[in-house]
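Chemist: Below: one structure in structure tokens.
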Amino acid sequence: MSSMTTNSVKNRGGLGLARIWDSYGMLVVFAVLFVACVVFVPNFGSFINMKGLGLAISMSGMVACGMLFCLASGDFDLSVASVIACAGVTAAVVINMTESLWIGVAAGLLLGVLSGLINGFVIARLKINALITTLATMQIFRGLAYIISDGKAVGIEDERFFALGYANWWGLPAPIWITIGCLILFGFLLNKTTFGRNTLAIGGNEEAARLAGVPVVRTKIIIFVLSGLVSAAAGIILASRMTSGQPMTSIGYELIVISACVLGGVSLKGALAKFPMLSLGS
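For the sequence shown, the UniProt record's numbering assigns the number 1 to the initial residue and increments by one for each residue that follows.
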């Protein structure tokens, strides 16, 4: 009897350690690698290097916020890279045409919302697979970027636009602060709102969620709109950093973003997403 009790305790202990590793294993690996780099790589832990590293991953972190919701709902969005390029080109062209910074930025963001509406409507309402839908819109928006720009980089004449990519707020580049803001905002949406719970419910079992009263179609459309919106924002910031809208930029970026989400503990099967770990995956 005592041996059975001992084995039971050991099994429970093993399961507990397994759960802890599943939840925080990525954090442990990241911490070990980070400490090793700080110790063995000269100047790795310097403020300048950390700032450069944060700036390098800021775009993927921002776009991953929207992709996380897509993956958590059981779908994905392969059009994000094309939306990044198209939004940057659109903003550049409109700024030059209207001589208005705000109209250009609004046009780029509006394009991102439009891409999300198209993806969400086709996937949620017309029931067409997300792979087929977003592959199609990936080609459409990449082609649109080439058409709008005539296949060339579009230089931006308004120098105020460059501040978005090069400004420093409280000692850090603006894109880093924007990415941190996105992580906080989207983390709150996922963990503290009905919308986030509905997203996870759809990813777990879409039919059960529908029978439970979850507005599946509306929730999915909003998810893809958010993905398109943050992708467009990233494209505008990237255009600001490059001082031009370029139709050839961010090719293959959708795989980087999906990889960041998966490395951050997001399940490709849906219903599982952890925002604190997403920053490590990015």
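Glycine included, each C-beta is placed from N, C-alpha and C at the ideal position.
Should Y166 go down as buried or exposed, given a rule of 16 or more other Cβ atoms within 10 Å for buried?
Modeler: The count along the sequence shown starts at 1 and reaches residue 166 at position 166. Exposed, since its Cβ has fewer than 16 Cβ neighbours within 10 Å.
Chemist: Which residues bound the alpha helix (DSSP H) around M177?
Modeler: Residue numbering aside, residue 177 sits at position 177 when the sequence shown is read from its first letter. Sequence inspection shows Trp at residue 177; the Met mentioned does not correspond to that position. Run containing W177: A174 to K192, per the alpha helix (DSSP H) assignment.
Chemist: Sorted by chain position, which residues of the same chain lie with C-beta nearer than 6 Å to L164's C-beta, five sequence neighbours on each side aside?
Modeler: Along the sequence shown, read from residue 1 onward, the residue named residue 164 stands at position 164. In chain order, I237 and S240 place their CB closer than 6 Å to the CB of L164, counting only its own chain and leaving out the 5 sequence neighbours on each side.
Chemist: I'd like the span of the alpha helix (DSSP H) that includes M97, first residue to last.
Modeler: Within the sequence shown, residue 97 is the residue found at index 97, counting from 1. It spans V80 to T98 - the alpha helix (DSSP H) in which M97 sits, taken as one unbroken run.
Chemist: What's the call for S46, buried or exposed, on a 16-neighbour Cβ count within 10 Å?
Modeler: Counting from one through the sequence shown, the residue named residue 46 turns up at place 46. Exposed, because fewer than 16 other Cβ atoms sit within 10 Å of the Cβ of S46.
Chemist: Please state the DSSP three-state secondary structure of L200.
Modeler: For the purposes of this step, residue 200 is taken as the residue at position 200 of the sequence shown. Three-state DSSP puts L200 in a helix.
Chemist: With F44 as the anchor, note down where its alpha helix (DSSP H) starts and where it stops.
Modeler: Position 44 of the sequence shown, counted from the start, is the residue given in the question as residue 44. Note, F44: premise wrong, no alpha helix (DSSP H); not H, not E.
Chemist: Which first and last residues belong to the alpha helix (DSSP H) in which N119 is found?
Modeler: Indexing the sequence shown from 1 puts residue 119 at position 119. N119 -> alpha helix (DSSP H) spans L101 to G120.
Chemist: Please report the residue range of the alpha helix (DSSP H) in which T133 lies.
Modeler: Taking the sequence shown and counting its residues from 1, the one referred to as residue 133 is at position 133. That run of the alpha helix (DSSP H) goes A130 to S149.
Chemist: Please name the residue, chosen from E159, L111 and I221, that lies closest to F76 on a Cα-to-Cα basis.
Modeler: Along the sequence shown, read from residue 1 onward, the residue named residue 76 stands at position 76. Of the residues E159, L111 and I221, the one whose Cα lies closest to the Cα of F76 is I221.
Chemist: Counting pairs of Cβ atoms below 8 Å between the region 178 to 192 and the region 52 to 70, do you hit three or more?
Modeler: The region 178 to 192, when compared against the region 52 to 70, does touch it at the 8 Å Cβ threshold.
Chemist: In three-state DSSP terms, what is V262?
Modeler: As a first step, residue 262 must be located in the sequence shown, where it is residue number 262. The answer is helix: DSSP assigns V262 an H, G or I state.
Chemist: Exposed or buried, what is R142 when buried is set at 16 or more other beta-carbons lying within 10 Å of its beta-carbon?
Modeler: The count along the sequence shown starts at 1 and reaches residue 142 at position 142. Classified as buried, R142 has 16 or more neighbouring CB atoms from the shown chains inside 10 Å of its CB.
Chemist: Which of the three DSSP states is assigned to M1 in this structure?
Modeler: Along the sequence shown, read from residue 1 onward, the residue named residue 1 stands at position 1. Any reading at M1 must be qualified, since the residue scores a pLDDT of 49, below 50, and its modelled position is unreliable; the value itself is stated next. Residue state, collapsed to three classes: coil.
Chemist: Only counting the same chain, and skipping five residues up and downstream in sequence, which positions put a Cβ closer than 7 Å to that of A232?
Modeler: For this step, residue 232 is matched to residue 232 along the sequence shown. Short of 7 Å from the beta carbon of A232, and not among the five residues preceding or following it, lie these beta carbons of its own chain, in chain order: V83, A87, G108, L109, L111 and G112.
Chemist: With which residues is N168 paired in a DSSP beta bridge?
Modeler: The residue labelled residue 168 in the question sits at position 168 within the sequence shown. BP columns for N168 point to P173.
Chemist: Consult DSSP for G252 and reduce its assignment to one of helix, strand or coil.
Modeler: To locate residue 252, count along the sequence shown from 1; it is residue 252. It is coil, neither helix nor strand.
Chemist: When you compare only the Cα positions, how much space is there between L33 and G204?
Modeler: Residue 33 sits at position 33 when you count from the first residue of the sequence shown. Residue 204 sits at position 204 when you count from the first residue of the sequence shown. Rounded to the nearest angstrom, the two C-alpha atoms are 33 Å apart.
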